[in-house]
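Read the structure below first, then the notes.
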Amino acid sequence: MSLNDAQTLTLSLLADQVVPPSEAHGVPGAGDPAIVAAIIGDAGPRLPRLARALAQLDELAITAHGVPFAELAADQREPVALAFRETHTASAGLVETLTTQCYYRDDRVMVSLGLEARAPHPSGYEVEQGDWSLLDPVRNRSALYRKA
Numbered sequence: 001m002s003l004n005d006a007q008t009l010t011l012s013l014l015a016d017q018v019v020p021p022s023e024a025h026g027v028p029g030a031g032d033p034a035i036v037a038a039i040i041g042d043a044g045p046r047l048p049r050l051a052r053a054l055a056q057l058d059e060l061a062i063t064a065h066g067v068p069f070a071e072l073a074a075d076q077r078e079p080v081a082l083a084f085r086e087t088h089t090a091s092a093g094l095v096e097t098l099t100t101q102c103y104y105r106d107d108r109v110m111v112s113l114g115l116e117a118r119a120p121h122p123s124g125y126e127v128e129q130g131d132w133s134l135l136d137p138v139r140n141r142s143a144l145y146r147k148a
């Protein structure tokens, strides 16, 4: 199964509602074609659920405005997207999770965040060390569980 062109356009417009483009930071929105392709690719076995989520979004748009989400004016999309999030929380959660995972993995976004555009393994990232003595009260307290 794959998404058709109308579903892909709807996903792109919805993804831009989740993470809009930012000229100030020089990054695309999550509706960028490369990011949308990553979302569809990462959906894998969840692709039928993603397609159902897009159908639910279209139903809300048709109920509210008489046209599918992709045909709404830009200022009409946000209220419909918010209604989708409130009425179809599991479906919206799937879209949000896939969108943010793929967005923050995009090289352009990683560079804008000051990170190298690479996987964290095997080189890793330098982590600033904190004050380990702050954990002493936790280490010194009695167990919160009962031994079996």
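The opening position of the sequence shown corresponds to residue 1 in the numbering used here, with each subsequent residue numbered one higher. By construction, the Cβ of each residue, glycine as well, lies at the ideal position given by its N, Cα and C atoms. Please read these numbers as outputs of a predicted model, since none were measured by experiment.
Check whether residue i and residue j have beta carbons under 8 Å apart
i: residue 61; j: residue 72; result: yes
i: residue 53; j: residue 35; result: no
i: residue 92; j: residue 85; result: yes
i: residue 100; j: residue 19; result: yes
i: residue 42; j: residue 98; result: yes
i: residue 57; j: residue 69; result: yes
i: residue 146; j: residue 94; result: no
i: residue 7; j: residue 78; result: no
i: residue 39; j: residue 13; result: no
Extent of the continuous alpha helix (DSSP H) run through residue i
i: residue 91; result: 89-103
i: residue 111; result: 107-112
i: residue 131; result: Unbroken run through residue 131: none, as it is neither H nor E.
i: residue 12; result: 5-18
Residue i beta carbon near the ligand HEM (any heavy atom closer than 7 Å)
i: residue 48; result: With respect to the ligand HEM, the structure offers nothing, as it holds no ligand at all.
Residue i to residue j span [Cα, whole Å]
i: residue 107; j: residue 89; result: 29 Å
i: residue 66; j: residue 80; result: 12 Å
i: residue 137; j: residue 128; result: 22 Å
i: residue 76; j: residue 115; result: 35 Å
i: residue 120; j: residue 126; result: 10 Å
i: residue 21; j: residue 82; result: 18 Å
i: residue 103; j: residue 37; result: 11 Å
i: residue 141; j: residue 63; result: 57 Å
i: residue 132; j: residue 124; result: 21 Å
i: residue 3; j: residue 122; result: 34 Å
i: residue 23; j: residue 117; result: 20 Å
| said: For the stretch 105-112 against the stretch 24-34, do three or more pairs of beta-carbon atoms, one drawn from each stretch, fall closer than 8 Å, so that the two count as touching? | reply: Counting Cβ pairs under 8 Å, three or more are found: they touch.
| 4 or more residues per run - each alpha helix (DSSP H) lying fully within the stretch 21-71 | The DSSP assignment places complete alpha helix (DSSP H) segments of no fewer than 4 residues inside the stretch 21-71 at 33-43 and 47-65, in order along the chain.
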